[in-house]
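Colleague:
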Amino acid sequence: MSTVENVSTNFQDRAGLRRVINIIRNFALPILIVLVFVVASFTVTDFFKFETIRAILLATSITGIIAVGMTAITLSGNLFSLGVTATAVFSGVIYVWVGQATGSMYVAALVAIVAALVVGIIQGVIVGLGLNAVIVTLAAGSIIYGTIAILTKGEAVQAQSVDLSGFATFQIFGLPLPIIVFIVFTALAWLLTEHTLIGRRVHLLGANKNTARNSGISPMGTTIWAFVAFSLAIGIAAVLQVSQTSQIQADNLSGLTMDVVAAVLIGGTAVTGGDGSPIRSAIGALFIATTTQVMVLAGVPEATRYFVLGAVVVALVVVLHILRKAGSR
Amino acid sequence: MSNKQAFRLEAKGVTKSYGAVHALEDVNFELKPGEVMALLGENGAGKSTIVKVISGLIVPDQGSITIDGEPVSLTSVRASQNAGIAVVQQEFSTVGPMTVAENLVLGQSGAPAWWNSKKLAESAKVILNRVGLEDIDPERLVETLSVAEMQLLEIARVLAKDAKIVIFDEPTAALSDAEIVRVLEAVKRLAKEGRSVIYVTHRLGEVFEIADRVTIFRNGRSQEPQDVKNLTVDKVVEMMIGRELGHLYPPRSQKIGETILETQGLRIPGLVGDVNLTLRRGEIVGLTGQLGSGTSEIMKAIAGTADVISGKVILEGEELDLHGRGRGIVMGIAYCSPDRKKDGIFGGISIRRNLSSPWLRRISRLGFVSGSQEQSEATRSAQNFAIDVKRLNTLVGNLSGGNQQKVAVGKWLGIRPRVLLVEEPTRGVDVGARAEIYAQIRRLCDAGVGVIVSSSDTNEILGLSDTISTYYRGQHSATKPAAEWTEPALVREVMHKGSK
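Taken in sequence, the protein lines are chains R and X. Note that the numbering used here has the first sequence beginning at 2, numbered continuously upward. Note that the numbering used here has the second sequence beginning at 10, numbered continuously upward.
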């Protein structure tokens with residue numbers, strides 16, 4: 002049939018180039034991480050050890066879990082939530098309080114996660130009505146932060162009569178639970194976005210809101226599901242975080258929002274939505290943690306670390322953006 | 010009258026091809042100083058292509074253009090502007106949140122670096138008076154103007170550039186009668202000032218009212234310009250039609266069944282009176298009219314994506330939910346929008362996932378999408394629409410317009426449609442893909458689906474439909490079996506409505 006040939010010739014000239022570009026785009030970050038590892042193994046003493054790698058993974062887990070959840074919001078075309086820190090602290094405070102009151106870390110974890118879901122779904126509904134996600138989550142974050150600061154009088158909330166560290170100390174094959182949760186959560190998120198009705202709708206909504214609406218996909222319902230995935234991640238991450246430190250304070254976790262956004266960005270998920278994957282964000286978080294850890298071990302001062310990390314994030318985002326443009330032409 | 014006078018603009022032997030398709034073939038075009046030249050022709054006849062050539066958007070393969078006897082090279086929009094050519098866009102290029110006066114200065118080469126709002130308002134006033142916008146405060150924000158006022162402001166912006174040649178591309182398509190009068194007045198005034206006007210339109214009435222001469226395009230070729238005073242409506246229509254594409258359309262329906270969809274007292278914003286529409290099984294009903302005729306609103310109302318004032322739509326005894334697409338899709342109403350890029354396809358998503366997007370729920374069990382079912386059904390849809398099945402992973406945004414349209418229509422096969430609504434089924438689609446899309450629509454019909462097509466392309470409506478309804482500016486004008494229509498009658502009805 003003549004048109005079928007037509008289609009083929011349209012593609013042939015650029016198809017090869019496009020494939021190469023997409024391979025680079027998909028594997029740039031993993032290769033970079035390996036490279037950092039190799040360089041660090043030779044230059045930093047005691048780097049290539051199980052303990053170091055475990056420390057890196059542990060440092061990745063909290064940011065990584067939330068970045069994976071955030072990917073749902075970004076994929077749906079709603080940019081980012083800027084209320085990460087506030088929601089995580091809120092959820093953590095509830096974990097400690099309920100733990101104190103009930104004496105059970107399981108009940109406490111459940112309530113903390115449900116609390117994160119409730120505030121997340123409220124924001125999801127508002128964003129679903131058509132408001133800009135950045136503005137809504139920034140405002141919500143501010144309200145949540147203020148509420149916590151008032152309720153805790155700005156002081157640290159601590160578990161006294163009860164041990165809430167169980168989730169952090171539990172290990173399987175020498176790997177602490179946060180690392181395992183991070184890996185399992187990423188795998189589940191991937192399964193969800195690629196193979197379920199909800200995940201696919203989130204993807205399509207971000208790709209083109211108008212076409213999605215014409216195809217019978219509800220922007221409101223789908224946006225709420227994206228916020229559910231995100232809030233679930235925050236709730237889980239908050240419980241794991243507080244299990245490690247056993248205390249939480251209103252002004253803790255201050256850099257978390259930016260770390261999570263950076264992880265999603267350098268992972269290569271499109272800010273405009275519809276293109277990306279939770280695995281990308283997990284790798285993005287891993288890259289940030291690895292680079293930071295290497296610099297810590299190499300004795301780089303904190304200020305310089307921030308500078309280097311910032312510069313690397315900007316450079317990577319620019320390169321990935323150019324590659325995505327070239328790869329989709 | 011001396012025939013020796015120099016032409017303001019003269020184009021000779023202009024040819025432009027896209028592959029095997031000749032958009033323009035050896036086109037000649039001339040324009041005298043101070044005249045209004047109307048451009049007429051069916052969709053795809055070449056009138057918009059020649060306008061693009063003159064405004065510098067398209068560089069022709071062959072041909073020459075002179076302005077006031079001097080050869081010019083219009084290789085860019087800037088070059089065209091410098092040669093004294095200005096285009097009044099169909100889509101507004103004004104900036105809403107800025108004032109009228111500021112918009113008049115915007116984008117002009119002589120614009121001051123520092124704006125004194127008082128001085129700006131004064132000079133704006135002078136220009137506004139010339140287009141009949143004297144009652145508009147120059148300090149008003151453009152977004153508060155009516156559509157006609159914005160169109161007049163577009164003209165004013167062109168005036169501010171002091172162009173020798175002004176091109177109008179269907180300036181009245183979205184306007185009401187009273188508003189059209191104001192625009193036509195402004196056009197006449199331009200000609201009186203000695204400027205030459207190229208006026209592209211679909212409305213014959215306007216041609217007889219303001220044009221001095223007419224150039225008619227047909228199949229990418231131009232015809233000798235005619236003096237309007239020597240023409241009649243019938244003569245113009247006769248010169249316009251005659252596209253040689255008879256084999257493009259599948260044969261009409263042999264077996265039309267019982268009623269499958271009907272409207273009851275349906276009232277829609279923008280349409281005069283009730284919309285009465287009956288669709289039978291195996292039938293293609295064609296709705297046609299110019300931009301602003303209301304056919305698009307009817308399609309959107311039935312699809313559930315536009316407002317309905319009152320009334321209902323009955324699908325085989327069941328009332329349709331006209332709020333959103335969700336219920337309609339479940340009940341088997343497929344809807345293809347007229348602008349596939351805007352809301353018909355997912356450009357950044359693969360062909361397979363585009364095809365499956367409306368029927369994901371049907372192939373899901375316990376929330377999980379069945380990958381194998383998606384693959385097999387998407388393959389079947391692709392085969393039916395002559396989409397290369399080896400390319401199912403390709404992003405739809407990388408396809409040609411024709412193939413994108415096949416995806417935009419083909420994705421609805423999977424909902425097992427009972428009624429298919431298609432707006433502008435072949436806009437921006439090459440001839441080969443058009444034939445395939447027509448054949449598929451007809452095949453669905455033969456399988457018992459009812460189809461409503463709305464199109465501003467009368468040739469397409471006549472070739473494809475079993476029954477044709479015409480609309481003119483929000484009002485139903487006629488419904489007849491396709492066999493009782495001739496193309497001249499249809500073109501007349503749609504462009505003119507016998508008002509002259």
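Ideal Cβ positions, reconstructed from N, Cα and C, are used throughout, including at glycine.
1) State yes or no: is the C-beta of GLU267 of chain X nearer than 7 Å to some heavy atom of the ligand PLP?
2) If you reduce the DSSP assignment to three classes, tell me which class GLY22 of chain X lands in.
3) Along chain B, in chain order, which residues have C-beta atoms closer than 7 Å to that of TYR344 of chain X?
4) Which whole-angstrom value describes the C-beta separation of ILE63 of chain X and ILE176 of chain X, a residue pair presumed to lie in contact below a C-beta threshold of 8 Å?
5) Which ranges would you report for the alpha helix (DSSP H) in the region 174 to 220 of chain R if only whole runs of at least 4 residues count?
6) Indicate whether LYS309 of chain X and GLY291 of chain X have their beta-carbon atoms separated by less than 8 Å.
7) Run down chain R in chain order and give the residues with a C-beta less than 9 Å from the C-beta of THR287 of chain X.
8) Would you tell me roughly how many angstroms separate the C-alpha atoms of LYS170 of chain X and ALA442 of chain X, rounded to the nearest one?
9) Please classify ARG222 of chain X: does DSSP put it in a helix, a strand, or coil?
10) Find out if the Cβ-Cβ distance for the pair ILE280 of chain R, THR187 of chain R is shorter than 8 Å.
11) For ASP276 of chain R, does the three-state DSSP call read helix, strand or coil?
12) For a test of the three-state rule: what should DSSP assign to ASP70 of chain X, helix, strand or coil?
13) Output, in chain order, the set of chain R residues within a Cβ distance shorter than 8 Å of ILE338 of chain X.
14) Can you grab the Cα-Cα spacing for the pair TYR27 of chain X / LEU66 of chain X, in whole Å?
15) Span of the alpha helix (DSSP H) holding LEU324 of chain R?
16) Counting along the chain, where does the alpha helix (DSSP H) carrying ASP352 of chain X start and finish?
17) By the 10 Å Cβ neighbour count, where 16 or more other Cβ atoms means buried, how is GLN242 of chain R classified, buried or exposed?
18) What are the boundary residues of the beta strand (DSSP E) that includes TYR481 of chain X?
19) Am I right that ILE225 of chain R and GLY125 of chain R are in contact with their C-beta atoms under 8 Å? What's the rounded C-beta distance?
20) Express the C-alpha separation of VAL416 of chain X and LEU324 of chain X in angstroms, rounding to a whole number.
21) Going by alpha carbons, who is nearest to TYR480 of chain X out of X:ARG222, X:THR467 and X:LEU473?
22) As a quick exercise: from R:THR138, R:GLN101 and R:ASP276, pick the residue whose alpha carbon is nearest that of LEU321 of chain R.
23) Can you give me the C-alpha to C-alpha distance between VAL60 of chain X and GLY298 of chain X, rounded to a whole angstrom?
24) Is the CB-CB distance between SER166 of chain R and SER105 of chain R below 8 Å?
25) Is the distance from the Cβ of ALA1 of chain R to the Cβ of TYR107 of chain R below 8 Å?
26) Does the structure place the region 153 to 165 of chain R close enough to the region 246 to 266 of chain R that three or more beta carbon pairs sit under 8 Å?
27) Near ILE30 of chain R, which residues of its chain fall below 6 Å by C-beta distance, leaving aside the five closest residues on each side in sequence?
28) What residues from the region 261 to 284 of chain R come within 7 Å of chain X, judged by C-beta to C-beta, listed N to C?
29) Counting only C-beta atoms, is ARG370 of chain X closer than 8 Å to chain R at any point?
30) Quick check: is the beta carbon of SER508 of chain X nearer than 8 Å to any beta carbon in chain R?
31) With 16 as the cutoff for other CB atoms within 10 Å, does VAL99 of chain R come out buried or exposed?
32) Can you check whether the C-beta of SER132 of chain X is within less than 8 Å of a C-beta belonging to chain R?
33) Given this structure, state the Cα-to-Cα distance separating LEU254 of chain X from LEU473 of chain X, to the nearest angstrom.
34) What residue does the beta strand (DSSP E) around TYR344 of chain X start on, and which one ends it?
35) Which term fits ARG334 of chain X, buried or exposed, when burial requires 16 or more other beta carbons within 10 angstroms of its beta carbon?
36) When you compare the CB of GLY357 of chain X with every CB in chain R, is at least one pair closer than 8 Å?
Modeller: According to the structure data:
1) In terms of ligand content, the structure shown is empty, and the ligand PLP therefore cannot be addressed.
2) As a working mapping, residue 22 of chain X is identified with position 13 in the second sequence. It is a strand residue.
3) Any reference to chain B falls outside this structure, whose protein chains are R and X.
4) Counted from its first residue, the second sequence places residue 63 of chain X at position 54. Counted from its first residue, the second sequence places residue 176 of chain X at position 167. With a Cβ gap of about 7 Å, ILE63 of chain X and ILE176 of chain X count as contacting.
5) As for any alpha helix (DSSP H) of minimum length 4 sitting wholly inside the region 174 to 220 of chain R, the runs are 178 to 196, 198 to 208 and 210 to 215, ordered along the chain.
6) Your numbering for residue 309 of chain X matches position 300 in the second sequence. Your numbering for residue 291 of chain X matches position 282 in the second sequence. No. Outside cutoff.
7) The count along the second sequence starts at 1 and reaches residue 287 of chain X at position 278. Proximity of chain R to THR287 of chain X at the Cβ level (cut-off 9 Å) is not reached, the minimal Cβ distance being about 25 Å.
8) The residue given as residue 170 of chain X occupies position 161 in the second sequence. The residue given as residue 442 of chain X occupies position 433 in the second sequence. If you take the alpha carbons of LYS170 of chain X and ALA442 of chain X, they lie about 42 Å apart.
9) Sequence index remark: in the second sequence, residue 222 of chain X carries index 213 (1-based). Residue state, collapsed to three classes: strand.
10) Within the first sequence, residue 280 of chain R is the residue found at index 279, counting from 1. Within the first sequence, residue 187 of chain R is the residue found at index 186, counting from 1. Yes, the Cβ-Cβ distance between ILE280 of chain R and THR187 of chain R is below 8 Å.
11) Within the first sequence, the letter at position 275 stands for residue 276 of chain R. The three-state reading of DSSP puts ASP276 of chain R in coil, since its state is none of H, G, I, E or B.
12) For this step, residue 70 of chain X is matched to residue 61 along the second sequence. Reduced to three states, the DSSP call for ASP70 of chain X is coil.
13) Along the second sequence, one-based indexing puts residue 338 of chain X at 329. Here the neighbours are SER216 and GLY217.
14) Walking along the second sequence from the start, residue 27 of chain X turns up at place 18. Walking along the second sequence from the start, residue 66 of chain X turns up at place 57. Cα to Cα, TYR27 of chain X sits roughly 15 Å from LEU66 of chain X.
15) Counting from 1 along the first sequence, the entry for residue 324 of chain R is found at position 323. Element bounds for LEU324 of chain R: 303 to 328.
16) Looking up residue 352 of chain X in the second sequence gives position 343. Here the alpha helix (DSSP H) through ASP352 of chain X covers 349 to 352.
17) Stepping through the first sequence from its first residue, residue 242 of chain R is reached at position 241. Buried, since its Cβ has 16 or more Cβ neighbours within 10 Å.
18) As a position in the second sequence, residue 481 of chain X is number 472, starting the count at 1. That run of the beta strand (DSSP E) goes 476 to 481.
19) Against the first sequence, residue 225 of chain R aligns to sequence position 224. Against the first sequence, residue 125 of chain R aligns to sequence position 124. Right, their Cβ atoms sit about 4 Å apart.
20) Stepping through the second sequence from its first residue, residue 324 of chain X is reached at position 315. Stepping through the second sequence from its first residue, residue 416 of chain X is reached at position 407. Taking the straight line from one Cα to the other gives about 26 Å.
21) For the purposes of this step, residue 480 of chain X is taken as the residue at position 471 of the second sequence. Answer by Cα proximity: X:THR467.
22) As a first step, residue 321 of chain R is located in the first sequence; it is residue number 320 there, counting from the start. The option with the nearest alpha carbon to LEU321 of chain R is R:ASP276.
23) Taking the first residue of the second sequence as position 1, residue 60 of chain X is located at position 51. Taking the first residue of the second sequence as position 1, residue 298 of chain X is located at position 289. VAL60 of chain X and GLY298 of chain X: Cα-Cα distance of roughly 23 Å.
24) Mapped onto the first sequence, residue 166 of chain R falls at position 165. Mapped onto the first sequence, residue 105 of chain R falls at position 104. The answer is no: Cβ separation not under 8 Å.
25) Residue 1 of chain R lies beyond the stretch modelled for chain R, which goes from 2 to 330, so this question has no answer here.
26) By the C-beta criterion, the region 246 to 266 of chain R is judged to be in contact with the region 153 to 165 of chain R, since at least 3 inter-stretch pairs fall below 8 Å.
27) On the first sequence, residue 30 of chain R is found 29 positions in, with the first residue counted as 1. According to the sequence displayed, residue 30 of chain R carries Leu and not Ile. If we look at LEU30 of chain R and ignore the five residues flanking it on each side, its Cβ neighbours are ILE284 and PHE288.
28) GLY275 and ASP276
29) Taking the second sequence and counting its residues from 1, the one referred to as residue 370 of chain X is at position 361. Cβ-Cβ to chain R under 8 Å: yes for ARG370 of chain X.
30) Walking along the second sequence from the start, residue 508 of chain X turns up at place 499. Because the pLDDT at SER508 of chain X is just 45, under 50, the model does not fix this residue reliably, and the point stays unresolved.
31) In the first sequence, the residue the question calls residue 99 of chain R occupies position 98. Result: buried.
32) For the purposes of this step, residue 132 of chain X is taken as residue 123 along the second sequence, with counting starting at 1. False, the Cβ-Cβ gap to chain R never drops below 8 Å.
33) Walking along the second sequence from the start, residue 254 of chain X turns up at place 245. Walking along the second sequence from the start, residue 473 of chain X turns up at place 464. Note that LEU254 of chain X has pLDDT 49, beneath the 50 cutoff, so the model's placement of it is unreliable and the number below is only indicative. Separation of LEU254 of chain X and LEU473 of chain X (C-alpha to C-alpha, rounded to the nearest whole angstrom) is 12 Å.
34) Here residue 344 of chain X corresponds to residue number 335 of the second sequence, with the count starting at 1. That run of the beta strand (DSSP E) goes 342 to 345.
35) For the purposes of this step, residue 334 of chain X is identified with residue 325 of the second sequence, where counting begins at 1. The residue in question, ARG334 of chain X, is buried, as its Cβ has 16 or more Cβ neighbours within 10 Å.
36) For the purposes of this step, residue 357 of chain X is taken as the residue at position 348 of the second sequence. For GLY357 of chain X, the answer is yes, since a Cβ of chain R falls inside 8 Å of its Cβ.
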